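K.L.:
Number of protein chains: 2
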Amino acid sequence: MTTLVDVAKKANVSKMTVSRVINHPDKVTDELKQLVYEAMRELDYHPNVIAKALANKSTRIIKLCILEDIDTTEPYYMNLMIGIAKTLDLHQYSLQLVTRRNFDIGNCDGYIITGMREADVDWIKKLTKPVVLFGENRYGFDYVDTNNKAGTYLLSQLALKKGYEHLIYIGIDSKESFEYSREAGYIQQVQENRMVPELHRFDNHSHLSEEYVEQNWKNIPKNTAFICASDRLAIGIERAIIRCGGKIPDDFGVTGFDGVFLNQIASPRITTIKQSIIEMGSACGENLLDKIESGETSGPLVFEPKICLGGTLRN
Amino acid sequence: MTTLVDVAKKANVSKMTVSRVINHPDKVTDELKQLVYEAMRELDYHPNVIAKALANKSTRIIKLCILEDIDTTEPYYMNLMIGIAKTLDLHQYSLQLVTRRNFDIGNCDGYIITGMREADVDWIKKLTKPVVLFGENRYGFDYVDTNNKAGTYLLSQLALKKGYEHLIYIGIDSKESFEYSREAGYIQQVQENRMVPELHRFDNHSHLSEEYVEQNWKNIPKNTAFICASDRLAIGIERAIIRCGGKIPDDFGVTGFDGVFLNQIASPRITTIKQSIIEMGSACGENLLDKIESGETSGPLVFEPKICLGGTLRN
DNA sequence: TTGTAAGCGTTATCAC
DNA sequence: GTGATAACGCTTACAA
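Chains A and B, in that order, are what the protein sequence lines are.
Count the first sequence with this note's numbering and you get residues 30 to 344, in order.
Count the second sequence with this note's numbering and you get residues 30 to 344, in order.
Okay, here's the thing in C-alpha cells:
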C-alpha cells in the first residue's frame, strides 16, 4: 500500500505538499503539482480513508434510518438504498442501516431519515449532525422528494383528457405531508374543471380500497376514474372493479403512485407516477455529503414526476 | 469524547493496560481489570473504531456484492441487507453495497456475495480476503442457505399426503446449485412413492410457467399438484389454472419457494417454503466476522425449511 | 509557497 | 503483569 510518504519521496517533496495537492491544490505551484500528480499516478496512490478520518475526527459513516415498518414493503427501500450507496461509495463513505432503536449506537457523520411522522420531529430537531430527509415535510428539514402535488395533478388531468367524467380520489389515511400534497394536486385539477372533489382515505392496504369499491359498487357511476395515492390502493381498486364486473379501462379508470413494483404485477398494469427512487437516493447522498463537507444547507430537492403508462386509463 | 488516556488517568494505570483490558483481558490482573472497568463505565467510554482500524490496518467495511440483476426483484435482497446490517452494526462494522463493476473501489475486510453463477467462480477464488456466499454452491466456498432439497421434498410430501395423484415439477432453467437441490428433493420424494418424475424448466418469469399450463391444459389431468422452484413460477401456474377454469385447491395444487412477498399477493395465497432471509443475512454477517477475526473457516450453514401454508393445497 | 512538528486514538513491541 | 515508545497514514498549526 502506497502512502503519502511514498509519493512524497518519488516526487522529491515533503508529504505535506502531497497532502496539499489533494486537499488544497490552489496553494501549491503548478510545477510541484505536476510532479506530485505524476508520482501518484505511477504509484497508483489511493488515500487511506481511515487515516484521513482519524485525523479529521470524522467517521465516514452515514446512517440511514427507516422509520416506517419495513416488513410489509416493496422494493421501494431497496432502490433507495442502492441509490444512496452508489453516491456514498463514490465518495468513500459507507452506509449504515439503523432503526430508531439502535440509532445511537456508534458514531457517524450524518443521517438520512425516511418515513418521518409528526412524532419524530422533536428528536430529529435535536440531532447535532447534518440530516437529509427522504420525503417532503413542513418542518424546515432539508429533503428530497417527488413533486407529489404535480403527480396527482398530472394524472387527474390525463384522466379527464381521456374522457372520464367523474374523478374520485383514494388517499392514504395519514397526516404526512406527501399525502396532503397528493390530495392538493387532485383537488386543484378537479376545481380547475369546476368539478366537485370526492375524497376517501384508507390505511395503505389494498384490501381496504377493494372493500370500499365492493360495498359502494352500485353508487359508482360508469366513466369514473380513481386517482389513488399509492399503487397499493390502486391494486385494490382494480381487483374490486374486475370482480364486480366493471371494465377497465373502458368504463373505469385507475391511477396509482410510486411505480416501483406493484404497478407492474397488476393486470392490467397500473398507470402511475414513476418515482425514480434510485436517483432520488443518490440525490439524498449528495445533498448530505455537501452539507457535511461544506457546512452549507441545500434546501429541498424536488424531482418532477413522470407518468408511467399502464393499461388502466383509456388510450 | 473520552479516550483510552482518559480512562487510564481515571484508573491510575497506563493506557496500555486499558487497551489490554479490552483486547487481552487474560493478561491483566483482576484488580486492575476492575479499576479499569469502573473507570470505563463512569466515563461512558466507547472505543474509537477508526483509530482501532488505523492501528490494525483494517477497514471495518464489509462489501455486499449482489451479482444478480436486482432491477426485477422482490424485497428478498432488502431483507438480506437488513439481516446483514443488523449483525455488522452490532460489531461496529459497516456495510458497503457494491456491484461487480465498482467491486474493487475502496478497501474492505471481507465480502458477502450472492447470486453467484459458474462464470463468477474464478474471480471469487482469487479474492484474498474472507468471503461468505449467500446461496449454496459446490465449489467449496463457505455459504449460508436454506436446505433447498429438504424444502421441495417436504412440499412434495405434503402434496401427496393431501391426495394429489400427479406431481409435476416446475423448475428454474439454471445451472445453479440451489436449483439442482430443489429438483433433487422433488425427485427423491416422487421416487420413494414409486412415481415417475416429470420436470419442466423455465426462466424465472411467471408468464412462462403460465404459458406452459395454458398450452398443455388438455393434457394435464385433474388432481395434479405443481411443485414450483419459486413463488414467481407458482404465481404463473396459479393464474393459468384459474384462467383455464381449473379449481385450486380442489382439483389442482400449487406450491412455491421463497415466501418473501409474492406468495402473499397471489390469490389464493401460495403454499410455499418460507425462507427467513433476515436471519440468514445475520448468519452471513456472523460467519464472515468470525472468519475475519479468528481466521477460522466456518463451513456451510444450512437453515431448515419451514412450510408456510397458503390456500393452494387442500386442507 | 513549502516544510517541520505535533497530534488524532489505538495497538504491537519490547523493556522492566 | 505492566508501562514507555513507536507506529498506523493523514491533517492542522506554525515556522521558514
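Beta carbons are placed, not taken as given, at the ideal position from N, Cα and C, and that holds for glycine.
Just so you know, these numbers come straight off a predicted model, no measurement behind them.
Within this structure, are the beta carbons of B/GLY288 and B/ILE113 separated by less than 7 Å?
P.N.:
Counting from one through the second sequence, the residue named residue 288 of chain B turns up at place 259. Counting from one through the second sequence, the residue named residue 113 of chain B turns up at place 84. Their beta carbons are not under 7 Å apart, which means B/GLY288 does not touch B/ILE113 by this criterion.
K.L.:
Whose C-alpha, out of B/LYS62, B/ASP280, B/PRO334, is nearest the C-alpha of B/THR301?
P.N.:
Along the second sequence, read from residue 1 onward, the residue named residue 301 of chain B stands at position 272. Taking only the C-alpha atoms, the option nearest B/THR301 is B/PRO334.
K.L.:
Just how far apart, CA to CA, sit A/GLU71 and A/VAL42?
P.N.:
Residue numbering aside, residue 71 of chain A sits at position 42 when the first sequence is read from its first letter. Residue numbering aside, residue 42 of chain A sits at position 13 when the first sequence is read from its first letter. Cα to Cα, the separation comes out at about 16 Å.
K.L.:
Please list the segments of the alpha helix (DSSP H) lying wholly inside the segment 149–199 of chain B, counting only runs of 4 or more residues, in order along the chain.
P.N.:
150–155, 177–190
K.L.:
When you compare the CB of A/TYR106 with every CB in chain B, is at least one pair closer than 7 Å?
P.N.:
As a first step, residue 106 of chain A is located in the first sequence; it is residue number 77 there, counting from the start. So, interface residue.
K.L.:
Does any C-beta atom of chain B lie closer than 7 Å to the C-beta of A/GLY144?
P.N.:
Here residue 144 of chain A corresponds to residue number 115 of the first sequence, with the count starting at 1. Not closer than 7 Å to any Cβ of chain B, the Cβ of A/GLY144 fails to qualify, so no.
K.L.:
Does the segment 255–267 of chain B come close enough to the segment 227–246 of chain B to have 3 or more Cβ pairs within less than 8 Å?
P.N.:
yes
K.L.:
Excluding the 5 residues flanking A/ILE336 on each side, which residues of the same chain have their C-beta closer than 8 Å to its C-beta?
P.N.:
The residue given as residue 336 of chain A occupies position 307 in the first sequence. So the list reads LEU183, LEU184, LEU187, THR300, THR301, ILE302, LYS303, once near-sequence residues are dropped.
K.L.:
Between the Cα of B/LEU61 and the Cα atoms of B/HIS75, B/ASP73, B/MET45, which residue gives the shortest distance?
P.N.:
Here residue 61 of chain B refers to the residue found at position 32 when the second sequence is read from its first residue. Minimum Cα distance to B/LEU61 is reached at B/MET45.
K.L.:
Which residues mark the beginning and the end of the alpha helix (DSSP H) in which B/TYR106 is found?
P.N.:
As a working note, residue 106 of chain B is residue 77 in the second sequence. Here the alpha helix (DSSP H) through B/TYR106 covers 105–119.
K.L.:
Is there at least one Cβ from chain A nearer than 7 Å to B/LEU237's Cβ?
P.N.:
As a working mapping, residue 237 of chain B is identified with position 208 in the second sequence. Chain A contact via Cβ: absent.
K.L.:
Please report the distance separating the alpha-carbon of A/ASP151 from that of A/MET145.
P.N.:
Translated into the one-based positions of the first sequence, residue 151 of chain A becomes position 122. Translated into the one-based positions of the first sequence, residue 145 of chain A becomes position 116. Going by the C-alpha atoms only, they are around 11 Å apart.
K.L.:
Alpha carbon to alpha carbon, what distance is there between A/LYS38 and B/LEU291?
P.N.:
Counting from one through the second sequence, the residue named residue 291 of chain B turns up at place 262. Counting from one through the first sequence, the residue named residue 38 of chain A turns up at place 9. One C-alpha to the other measures close to 60 Å.
K.L.:
Check whether the Cβ of B/LEU83 lies closer than 7 Å to any Cβ atom in chain A.
P.N.:
The sequence position of residue 83 of chain B within the second sequence is 54, counting from 1. Judged by the 7 Å Cβ criterion, B/LEU83 is in contact with chain A.
K.L.:
Under three-state DSSP, which class holds B/THR101?
P.N.:
Along the second sequence, read from residue 1 onward, the residue named residue 101 of chain B stands at position 72. Note on B/THR101: pLDDT 49, under 50, position unreliable in the model; no value is reported.
K.L.:
How about A/THR32: is its C-beta nearer than 7 Å to some C-beta of chain B?
P.N.:
Reading the first sequence from its first residue, position 3 is the one you call residue 32 of chain A. Taking Cβ atoms only, chain B never reaches closer than 7 Å to A/THR32, which makes this a no.
K.L.:
Can you check the segment 44–82 of chain B for any alpha helix (DSSP H) of at least 4 residues that lies completely inside it and give the ranges in chain order?
P.N.:
44–52, 59–72
K.L.:
Along the chain, where does the beta strand (DSSP E) containing B/SER123 start, and where does it finish?
P.N.:
Here the question's residue 123 of chain B lines up with position 94 in the second sequence. Run containing B/SER123: 123–127, per the beta strand (DSSP E) assignment.
K.L.:
Can you tell me which of the three DSSP states A/ARG89 falls into?
P.N.:
One-based indexing of the first sequence puts residue 89 of chain A at position 60. Of the three classes helix, strand and coil, the one that applies to A/ARG89 here is coil, per DSSP.
K.L.:
Check whether chain A comes within 7 Å of B/GLY192, counting only Cβ atoms and requiring the distance to be less than that.
P.N.:
The residue labelled residue 192 of chain B in the question sits at position 163 within the second sequence. No, no contact with chain A.
K.L.:
Going by C-alpha to C-alpha distance, which of B/PHE163, B/ASN222, B/ASP232 sits closest to B/CYS94?
P.N.:
Along the second sequence, read from residue 1 onward, the residue named residue 94 of chain B stands at position 65. Looking at B/PHE163, B/ASN222, B/ASP232, the one whose alpha-carbon comes closest to that of B/CYS94 is B/PHE163.
K.L.:
Look up B/ASP319 in the DSSP assignment and say whether it is helix, strand or coil.
P.N.:
Position 290 of the second sequence holds residue 319 of chain B. Reduced to three states, the DSSP call for B/ASP319 is helix.
K.L.:
Check A/ARG230 in the structure and name its three-state DSSP category.
P.N.:
In the first sequence, residue 230 of chain A corresponds to position 201, counting from 1. A/ARG230 falls in the strand class under three-state DSSP.
K.L.:
Does DSSP classify A/LEU237 as helix, strand or coil?
P.N.:
Counting from 1 along the first sequence, the entry for residue 237 of chain A is found at position 208. Looking at A/LEU237 - three-state DSSP - the assignment turns out to be helix.
K.L.:
Relative to the alpha-carbon of A/VAL160, which residue among A/ALA148, A/ARG129, A/ASP138, A/TYR106 has its alpha-carbon at the smallest distance?
P.N.:
As a first step, residue 160 of chain A is located in the first sequence; it is residue number 131 there, counting from the start. Per the Cα distances, A/ASP138.
K.L.:
Taking all protein chains shown into account, decide if B/GLN220 is buried (16 or more other Cβ within 10 angstroms of its Cβ) or exposed.
P.N.:
If you number the second sequence from 1, residue 220 of chain B lands on position 191. Exposed, since its Cβ has fewer than 16 Cβ neighbours within 10 Å.
K.L.:
Between A/GLN125 and chain B, is any beta-carbon pair separated by less than 7 Å?
P.N.:
As a first step, residue 125 of chain A must be located in the first sequence, where it is residue number 96. Closer than 7 Å to some Cβ of chain B, the Cβ of A/GLN125 qualifies, so yes.
K.L.:
In the DSSP assignment, what are the bridge partners of B/ILE256?
P.N.:
Here residue 256 of chain B refers to the residue found at position 227 of the second sequence. B/ILE256 pairs with B/TYR198, B/THR284.
K.L.:
A/ALA114 CB to nearest chain B CB: under 7 Å?
P.N.:
Numbered from 1 along the first sequence, position 85 holds the residue referred to as residue 114 of chain A. So, interface residue.
K.L.:
Under DSSP, the alpha helix (DSSP H) around A/LEU33 begins and ends at which residues?
P.N.:
Reading the first sequence from its first residue, position 4 is the one you call residue 33 of chain A. Boundaries of the alpha helix (DSSP H) harbouring A/LEU33: 33–40, taken from the DSSP string.
K.L.:
Looking only at C-alpha atoms, which of A/THR88, A/LEU96, A/LYS154 sits nearest to A/GLY135?
P.N.:
Stepping through the first sequence from its first residue, residue 135 of chain A is reached at position 106. For A/GLY135, the nearest C-alpha among the options comes from A/THR88.
K.L.:
In three-state DSSP terms, what is A/LYS204?
P.N.:
For this step, residue 204 of chain A is matched to residue 175 along the first sequence. Three-state DSSP puts A/LYS204 in coil, outside helix and strand.
K.L.:
Report, in whole angstroms, the separation of the C-beta atoms of A/PRO278 and A/THR341, which I expect to be a contact under 8 Å.
P.N.:
For the purposes of this step, residue 278 of chain A is taken as the residue at position 249 of the first sequence. For the purposes of this step, residue 341 of chain A is taken as the residue at position 312 of the first sequence. Contact flag correct, Cβ pair sits at about 5 Å.
K.L.:
According to the Cβ coordinates, are B/ALA254 and B/TYR209 closer than 7 Å?
P.N.:
Taking the second sequence and counting its residues from 1, one reaches residue 254 of chain B at position 225. Taking the second sequence and counting its residues from 1, one reaches residue 209 of chain B at position 180. No, the Cβ-Cβ distance between B/ALA254 and B/TYR209 is not below 7 Å.
K.L.:
Please decide whether B/ASP118 counts as near chain A, where near means a Cβ-Cβ distance under 7 Å.
P.N.:
For this step, residue 118 of chain B is matched to residue 89 along the second sequence. Chain A contact via Cβ: present.
K.L.:
Suppose the cutoff is 7 Å on Cβ atoms and the five residues either side in sequence are ignored; what does the same chain contact list for B/LEU117 look like?
P.N.:
What you label residue 117 of chain B is simply residue 88 of the second sequence in a count that begins at 1. The residues are ILE91, SER123, LEU124, GLY314.
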